[in-house]
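Numbering (this note's numbering), first residue to last: 1 to 579.
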């Protein structure tokens, strides 16, 4: 169910509260972890200043045992903190993935770009960030003042040296952000575009291989990839340079701390143990700053991902209404429909109107690029009309709540895509699926026997990496999916494009069966063999209704070259079946 802006804001606020609660738990655990970090400086201080002077092995043994136990507890707490963040990342992903994917799909339908893929990547980046170590850096950095205070207590000079070192690393961290932010953002955008192109190439691998297009496609992709990687290399090189400098600076600062300690010891102002303890404490105090520089890229990626996710959820206006509507009877009405694609100044459809009663079959014909497939998408509510509207039982097909609408309609697009799963899953629209209803739809589409001859029948895996079906087999399985559940409205776009004579005969029988059950059927076809079952015909030409009326009247008057040629090939009239 589509959510409006109010619930989405509540969802984001609730998710934010969960993140804050999880970070609170992690902060509490971090308090104990960082407190236990004082064990090593204390141990060193006691060994140098007490054990070496007293030569007491019992004291050494007790200090060693207590320190080892404390380090073991610290390891357990560190693991617990990591698990808390992993659970937090998973919980955040689980709360947002459904609504985010819906918003991305709606945005993709509105703007025709790959918002869905980018949204999935962004949510995965956020989950990885929350489950990683970079997010914990501020929790450890919060203890830096405490470590500095301990060093001030040992000797003020120790504290001032450590404060100067922290300030220097802070400047380096700011420099990393300043010099890497823009090239990193540009590189990420270029990589996302490159990945989109790769996905398109993979989906069309058959055409690319058959027509020898691989070299050209590869060259274009490598050029785009090169530009993206060049920007990424710049950002990465700068980040690594700062990381190397930071590591050397930190080690140099520790050397300076030891040298400072030596001078204090020689002047009698500090003990030898304090010199080693101060060096350890400064290393621990500066560690978060070094980690921040190393993990700045993760922070930048996560912040940009969160901004995109928030913008997508809050700025994408809901396309549909939330309220479920009663089951329709099948009255389909189009009123002065116009459609203008985004970025175009020429409408595909203009003033298209028609009405189809329940149980009638509407045939839509016309030359290529006349707007037939666009009209099919508008009838299914995939796209919204620029002007006018299409209504099923008086309700807008575009505004209709999708889950309820989907139960009452069937759709077979030109390019049939079967999802990863079994044939049963695909016919049942990837739901649980009543086996009897699945078989009934397959029988209605005339493919029950064909499925029975496949390696595992209805359990045969199809989709990416699945059993290789022919174009006709995919189309007929798609037809069964469209007919599943006896929908009140069925839209078939070129359903016989890949069918032979036997398949066309089965298609005609399926349409007739749907008609007998009271379904409203919209049939788009160039070939007249399937037009014998239509009741009304709509002729489109350049996006305008040229003719609309009963099949007998329109087909008698409308004889374009394509139909005449097809009629001659079949040796029959436009309304008859092939001989």
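All C-beta atoms in this analysis are idealised placements derived from N, C-alpha and C, irrespective of residue type, glycine included.
*Skipping 5 residues on each side, what residues in its chain have a beta carbon closer than 6 Å to that of residue 569?*
Low confidence applies here, because residue 569 scores a pLDDT of 40, under 50, leaving its location unreliable; read the following figure in that light. So no residue of the chain qualifies.
**Message:** Starting from residue 538, trace the beta strand (DSSP E) in both directions and tell me its first and last residue.
**Reply:** 536–541
Quiz item: Using DSSP with H/G/I as helix, E/B as strand and the rest coil, what is residue 467?
Solution: coil
Skipping 5 residues on each side, what residues in its chain have a beta carbon closer than 7 Å to that of residue 576?
-> A caution first: residue 576 carries a pLDDT of 39, below 50, which makes its placement in the model unreliable, though a value can still be read off. So the list reads 532, once near-sequence residues are dropped.
request  = Label residue 425 either buried or exposed according to how many other C-beta atoms from any shown protein chain fall within 10 Å of its C-beta, with 16 as the threshold for buried.
outcome  = buried
Exercise. Out of curiosity, what's the CA-to-CA distance linking residue 128 and residue 530?
Worked result: 53 Å
Cβ separation of residue 149 and residue 123, assumed to be a contact under 8 Å, to the nearest whole Å
Not really, about 41 Å apart at Cβ, beyond 8 Å.
- Query: What is the C-beta distance between residue 320 and residue 399, in whole angstroms, given that I count them as a contact (C-beta under 8 Å)?
  - Reply: 6 Å
*Count the other CB atoms, across all protein chains shown, that sit within 10 Å of the CB of residue 289; report buried if there are 16 or more and exposed otherwise.*
buried
**Asked** Going by DSSP, which residues form a beta bridge with residue 493?
**Response** 524
Would you call residue 14 buried or exposed, if buried means 16 or more other Cβ atoms sit within 10 Å of its Cβ? exposed
Under 6 Å Cβ to Cβ from residue 586, same chain only, skipping five residues before and after it: list those, please.
Nothing can be reported for residue 586: it is not among the residues displayed for the chain, which extend from 1 to 579.
If you draw a straight line from the C-alpha of residue 154 to the C-alpha of residue 69, how long is it? 25 Å
>> Suppose contacts are defined by Cβ-Cβ distances below 9 Å. Is residue 261 in contact with residue 276 by that definition?
In response: yes
Assign residue 473 to buried or exposed, taking buried as 16 or more other Cβ atoms, counted over all protein chains shown, within 10 Å of its Cβ.
buried
(Q) Buried or exposed for residue 55, going by 16 or more other Cβ atoms inside 10 Å? (A) exposed
- Task: Measure the C-alpha to C-alpha separation of residue 51 and residue 32 and round it to an integer number of angstroms.
- Result: 27 Å
- Leaving aside the five residues before and after residue 135 along the sequence, list all residues of the same chain whose C-beta is less than 7 Å from its C-beta, in chain order. 85, 129
**Asked** From this set, 11, 29, 40, 23, which residue's C-alpha is nearest residue 98's C-alpha?
**Response** 11
Which whole-angstrom value describes the C-beta separation of residue 430 and residue 510, a residue pair presumed to lie in contact below a C-beta threshold of 8 Å? Incorrect: roughly 21 Å between the Cβ atoms, too far for contact.
Around the C-beta of residue 79, are 16 or more other C-beta atoms found within 10 angstroms, so that it is buried, or is it exposed? exposed
Where residue 422 sits in the DSSP three-state scheme
strand
Distance between residue 178 and residue 242 (C-alpha atoms, nearest Å): 12 Å
message = Among 53, 60, 504, 132, whose alpha-carbon lies nearest the alpha-carbon of residue 87?
response = 132
- prompt: Between residue 562 and residue 411, what straight-line distance do the alpha-carbon atoms span, to the nearest angstrom?
  reply: Because the pLDDT of residue 562 is 42, which lies under 50, any placement of that residue in the model is unreliable, and the question is left without a value.
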